[in-house]
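Written out below as structure tokens is the structure these notes cover.
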Amino acid sequence: MIRIASNSFLAPVVRRSSYHVVRNLSSAGKVWNVYLSGEIHSDWREQISKGITEKNLPVTLTSPNTSHEDSDDCGAIILGMEEERHNWDKIGANMNNIRTKTLIKDADVIVVRFGEKYRQWNAAFEAGYAAALNKSIITLHPPSLSHMLKEVNASASAVCHVPHQVVDTLAYVIRGDLPRPLDGDRFIPIADRLGKGNPNP
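Just so we're on the same page, our numbering is the position in the sequence shown counted from 1, plus 789.
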């Protein structure tokens, strides 16, 4: 488990730039629980952890057991070996589900990562379970997977393509911080680009 908890909050401020206004708002002392679901073959969890530390966000990160071998063998190690593969898998899966269900239920936000190299069946299941619990979901995957994940993304509050976008999303939700626009100097606020939604605010 990765744990980051900070009790440091910045006073509300307004920073003006040439392209937008950033408001820095405290979330009233809340420590956010963020569950990191998905593939275990890259360092995306470490990248998110580092970004949260750098931004000093009040976040506790949790995840499923990311050791493939331990996840497979936990049931057999504790309860004894089985003669058939499906029974071996079942006792391990049931044991892992204790952790998974508990942490998802306790989470404020679920981040679900899908990679290109492996099929993340567990991640898709956990996304569905989180959606059934009405949890806020952030998906993280390369743009090339957008079509295959369209139903999962439809249940997500944000769809990110790289880990720093997840960190930036959390920073905005928790404190109101915004990064430099992804479109850089080409960014135009909506009121200037598409007109005011309410002409008489």
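Every residue, glycine too, gets a C-beta built ideally from N, C-alpha and C.
Along the chain, where does the alpha helix (DSSP H) that runs through Arg969 open and close?
Translated into positions along the sequence shown, residue 969 becomes position 180. That residue, Arg969, is in no alpha helix (DSSP H); it is neither H nor E in DSSP.
Assuming Val898 and Ile927 make a contact with CB atoms under 8 Å, what is their CB distance in whole Å?
Numbered from its first residue, the sequence shown carries residue 898 at position 109. Numbered from its first residue, the sequence shown carries residue 927 at position 138. The Cβ separation is near 6 Å, so the contact holds.
Could you check the C-alpha separation between Gly827 and Glu873 for me, to the nearest Å?
One-based indexing of the sequence shown puts residue 827 at position 38. One-based indexing of the sequence shown puts residue 873 at position 84. Each residue's alpha carbon lies about 27 Å from the other.
Roughly how many whole angstroms lie between the Cα atoms of Gly986 and Trp877?
Position 197 of the sequence shown holds residue 986. Position 88 of the sequence shown holds residue 877. Their Cα atoms are separated by approximately 58 Å.
DSSP on Asn942, reduced to helix/strand/coil?
Along the sequence shown, one-based indexing puts residue 942 at 153. Helix, per DSSP.
How is Ser838 classed by DSSP in three states: helix, strand or coil?
The residue you call residue 838 lines up with position 49 of the sequence shown. Three-state DSSP puts Ser838 in a helix.
Where DSSP assigns a beta bridge to Trp821, which residues make up the other side?
Position 32 of the sequence shown, counted from the first residue, corresponds to residue 821. The partner list for Trp821 (beta bridge, DSSP) reads Val848.
Cα separation between Lys819 and Ala947?
Walking along the sequence shown from the start, residue 819 turns up at place 30. Walking along the sequence shown from the start, residue 947 turns up at place 158. Roughly 21 Å separates the two Cα atoms.
Can you have a look at Leu850 and say buried or exposed, based on whether 16 or more other CB atoms are within 10 angstroms of its CB?
In the sequence shown, residue 850 corresponds to position 61, counting from 1. Buried is the call here.
Can you name the start and end residues of the alpha helix (DSSP H) that Leu892 belongs to?
Numbered from its first residue, the sequence shown carries residue 892 at position 103. Note, Leu892: alpha helix (DSSP H), Arg874 to Asp895.
Skipping 5 residues on each side, what residues in its chain have a beta carbon closer than 6 Å to that of Lys844?
Residue numbering aside, residue 844 sits at position 55 when the sequence shown is read from its first letter. Counting only Cβ-Cβ distances below 6 Å, and skipping sequence neighbours, we find Ala960.
Go ahead and label Thr789 buried or exposed: buried means 16 or more other beta carbons lie within 10 angstroms of its beta carbon, across all protein chains shown.
Here the chain covers residues 790 to 990 and nothing more, so residue 789 does not appear.
Considering only residues of the region 890–938, which uninterrupted beta strand (DSSP E) runs meet the minimum length of 3 residues and lie entirely inside it, listed in chain order?
Entirely contained in the region 890–938, the beta strand (DSSP E) runs reaching 3 residues are, in chain order, 898–902 and 925–929.
Tell me the rounded alpha-carbon separation between Arg902 and Pro952.
In the sequence shown, the residue the question calls residue 902 occupies position 113. In the sequence shown, the residue the question calls residue 952 occupies position 163. If you take the alpha carbons of Arg902 and Pro952, they lie about 9 Å apart.
For Ser860, which option in Leu922, Ser935 and Asn911 has the closest C-alpha, if you only look at C-alpha atoms?
Position 71 of the sequence shown, counted from the first residue, corresponds to residue 860. It is Asn911 whose Cα lies nearest to the Cα of Ser860.
In whole angstroms, what separates the C-alpha of Cys863 from that of Asn885?
Residue 863 sits at position 74 when you count from the first residue of the sequence shown. Residue 885 sits at position 96 when you count from the first residue of the sequence shown. Taking the straight line joining both Cα atoms gives about 8 Å.
Nearest-angstrom Cα distance between Val823 and Val900?
Locating residue 823 in the sequence shown gives position 34, where the first residue counts as 1. Locating residue 900 in the sequence shown gives position 111, where the first residue counts as 1. Approximately 7 Å, taken between the alpha carbons.
What residue does the alpha helix (DSSP H) around Gly864 start on, and which one ends it?
By one-based count along the sequence shown, residue 864 stands at place 75. Unbroken alpha helix (DSSP H) run through Gly864: His857 to Leu868.
Just grab the DSSP bridge partners of Ser831 for me.
Position 42 of the sequence shown holds residue 831. According to DSSP, Ser831 bridges with nothing at all.
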